[in-house]
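Student: The opening residue of the sequence shown carries number 91 in this note's numbering; numbering runs sequentially from there.
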Amino acid sequence: MAPTKTDNQKPIIKKLNDFYIQTRRKYLVQLTEGKYITLNKDRMENVFYLNDGMIKRHLNGDLTYGIFAGGYFNKFISFDVDCETRDAARWATLRLIYVLTEEFNIMRGHIHVSLSGNKGYHVDLFFNKPIAIQDLKAFYTTVIQEVGEVPNGEIEFRPSWSQGVKLPLGVHQKTGRRCWFVDTETLEPIKRYDYILDIEPMPADTVTDQYFDLSDEQAAEFEHVVESTDITANVADYSAGLKRATRILDAGQLLESNSRHHVTFDLAKFFHSQGYEGDEAVTHILTVLHNTPRDYFHSDSTPDFWRREAERITALVFDRGYTFGNTDQPIVIHKSEILAVLSCGTFKTKQLLYAMLVTSKRYGKSFYLTAPTARKMLGTKSNETVTNALKRLADGGFIEYTRKGEIDVAMSRDIGRPRYKPNKYRLLIDEPAADEPSVQVTQEQSVVEVAFLLCDPAEIKQYVKRREYENQWQ
């Protein structure tokens, strides 16, 4: 069947945009042999954003495109049925539709199935509100448990940030088959492009009570903030988001007009990473906003709206555990740095200096450290233990304060009692030589593990007292 005429493609392209596309920065292109390549605007200089012209070529069958989820939210879920035979795929798809309708009370009219172009099917559900990816995955897992074992195949979750799914209504570049939507009773192809025009999204609370009251525009803005702040070129550099957060906190106000949403998100992640409670984070964020000149905001933006947005975004960040993007990436530790750690004092002091070393490599030599974060680093509930360890490190010349005991004037005024800003520190450990031994480590590895990777037991014993070695290092 020939592709639709140009005049009729516009509403179809709009529907594909509305239902499927959460991010345009990263997408799939299918090659003639059926394989896919991933194009990512953030990593490839000459890549275009996914646009309507590309979708038009997709509908014409010239090229075939696929999409990814934005990373945190999506407005649809696709069950990708992939089996060795068409009969097995047909059985699995009909079984899945039965489970969705009978076990999860989803109306058949809200289930939309399309051909994969090979042997399988894509079973799609569309929602009226964006849903967190992890909640969609939880729903998927529950459904698949009810479906049971799929003979000679599997049903996979799509899309995620790392695994995309092909857009419907295009042509499979290897088989040449058009990926029509199909009848959910018979799985016979519905050879009409305008099928998609009749699709209506279903209520998000049909599958989860954890959806977020975001418009598509707000979700897209959130995803853009995530993408722009979480990408780091070098694990030893500042995260872009953290750097912005620290600049804002130092200034005590917004530094750019119309930046409230981005700053709220960055600050919420910062306070979460520093061990603050959610309500404390909201209070700090609102202090920054209230200290900002009014002309930095949209004319229709109100303090009440700031508060609601700060509460909503902070709850989202804390509930989902969002952090700055380089916290899980490996970093490089050199032997001289570990020897400095071994020489600094008690085992708790060694633990703290090693944790500060890791922090400095991730976020820069000058960094924040709050009491809750320091207690977490040491695995203690005692403020005295933290205070003593910090004093030993400062007295021993391993660290210095770049900010200490500074009162947060605006916060103190608002709460009616003195409130201090988080202390800032700088490491004074010598820079390692270029040719000395080093290892890549992750955040799960302890100072003991890393020390044994770089030093033999005899070297470690030169810096560690016998009782400490017997209790902590064996």
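Don't be surprised by glycine CBs; every beta carbon is placed ideally from N, CA and C.
(1) Which two residues bound the contiguous alpha helix (DSSP H) that contains Tyr-188?
(2) Which residues in the same chain have their Cβ closer than 8 Å to the Cβ of Ser-472, if we skip the five residues on either side of it in sequence?
(3) Taking 7 Å as the line, does the beta carbon of Leu-287 fall inside it for any heavy atom of the ligand GDP?
(4) Output the boundary residues of the beta strand (DSSP E) element that contains Ile-421.
(5) Using DSSP with H/G/I as helix, E/B as strand and the rest coil, what is His-388?
(6) Could you give the C-beta distance for Phe-158 and Tyr-117, rounded to a whole number, given that I count them as a contact under 8 Å?
(7) Mapping DSSP to helix, strand and coil, what is Ile-497?
(8) With distances taken Cα to Cα, identify the nearest neighbour of Pro-279 among Gln-263, Ile-289, Pro-241, Leu-259.
(9) In its own chain, which residues sit with a C-beta less than 7 Å from the C-beta of Tyr-110, not counting the 5 before and 5 after it?
(10) Out of Leu-443, Ser-206, Asp-142, state which residue places its alpha-carbon closest to the alpha-carbon of Gly-124.
(11) Report the three-state DSSP secondary structure of Val-554 (helix, strand or coil).
(12) Can you tell which of Lys-100, Thr-113, Val-240, Ser-528 has the C-alpha that lies nearest to the C-alpha of Val-422?
(13) Sorted by chain position, which residues of the same chain lie with C-beta nearer than 7 Å to Pro-241's C-beta, five sequence neighbours on each side aside?
(14) Taking C-alpha atoms, which residue in Arg-507, Thr-122, Phe-488, Gly-435 lies nearest to Val-554?
(15) Relative to the C-alpha of Lys-494, which candidate in Asp-485, His-351, Lys-481, Pro-512 has its C-alpha closest?
(16) Please classify Met-134: is it buried, with 16 or more other beta-carbons within 10 angstroms of its beta-carbon, or exposed?
(17) Arg-176: buried (16+ other C-beta within 10 angstroms of its C-beta) or exposed?
(18) Determine the direct distance from the alpha carbon of Thr-392 to that of Arg-384, and round the result to whole angstroms.
(19) Which residues does DSSP pair with Thr-154 in a beta bridge?
(20) Look at the alpha carbon of Leu-226 and the alpha carbon of Gly-210, and state the distance between them as a whole number of angstroms.
(21) Is DSSP giving Arg-516 helix, strand or coil here?
(22) For Thr-231, decide whether its Cβ has a neighbour in chain B, counting only Cβ atoms nearer than 8 Å.
(23) Quick one: what does DSSP say Tyr-366 is sitting in, helix, strand or coil?
(24) Can we say the segment 476–484 touches the segment 439–451, given the rule of at least three CB pairs closer than 8 Å?
(25) Tell whether a beta-carbon distance below 8 Å holds between Leu-287 and Lys-100.
(26) For the alpha helix (DSSP H) containing Leu-543, list its first residue and its last residue.
(27) May I have the straight-line CA-CA distance separating Ile-221 from Leu-215, to the nearest angstrom?
(28) Less than 8 Å between the beta carbons of Ser-204 and Trp-270, yes or no?
(29) Less than 8 Å separating the beta-carbons of Glu-246 and Asp-170?
(30) Compute the Euclidean distance between the alpha carbons of Ile-321 and Glu-560, then round it to the nearest angstrom.
(31) Which value, in whole angstroms, describes the spacing of the CA atoms of Asn-98 and Asn-164?
(32) Arg-114 by DSSP, collapsed to three states: which one?
(33) Assuming contact is defined by CB atoms lying nearer than 8 Å, are Thr-382 and Leu-344 in contact in what I supplied?
(34) Taking the alpha carbon of Glu-399 as the point to measure from, which residue in Pro-508, Tyr-386, Thr-113, Arg-350 has its own alpha carbon closest?
(35) From the DSSP output, in three-state form, read off Ile-473 for me.
(36) I need the straight-line Cα distance from Phe-229 to Phe-457, nearest angstrom please.
Tutor: Inspection of the coordinates gives the following:
(1) 176–188
(2) Arg-465
(3) Only the bare structure without any ligand can be found here, which leaves the ligand GDP out of the picture.
(4) 421–424
(5) coil
(6) 7 Å
(7) strand
(8) Leu-259
(9) Ile-157, Phe-166, Leu-257
(10) Ser-206
(11) coil
(12) Ser-528
(13) Ala-178
(14) Gly-435
(15) Pro-512
(16) exposed
(17) exposed
(18) 10 Å
(19) Gln-120
(20) 21 Å
(21) strand
(22) No chain B is present in this structure, which holds just one protein chain.
(23) coil
(24) yes
(25) no
(26) 537–544
(27) 12 Å
(28) yes
(29) yes
(30) At Ile-321 the pLDDT is 26, less than 50, meaning the model places this residue with poor confidence; the figure from the coordinates comes in the next sentence. The alpha-carbon atoms of Ile-321 and Glu-560 are separated by roughly 42 Å.
(31) 27 Å
(32) coil
(33) yes
(34) Arg-350
(35) The sequence given here places Asn at residue 473; Ile does not occur at that position. Correct three-state label for Asn-473: helix.
(36) 40 Å
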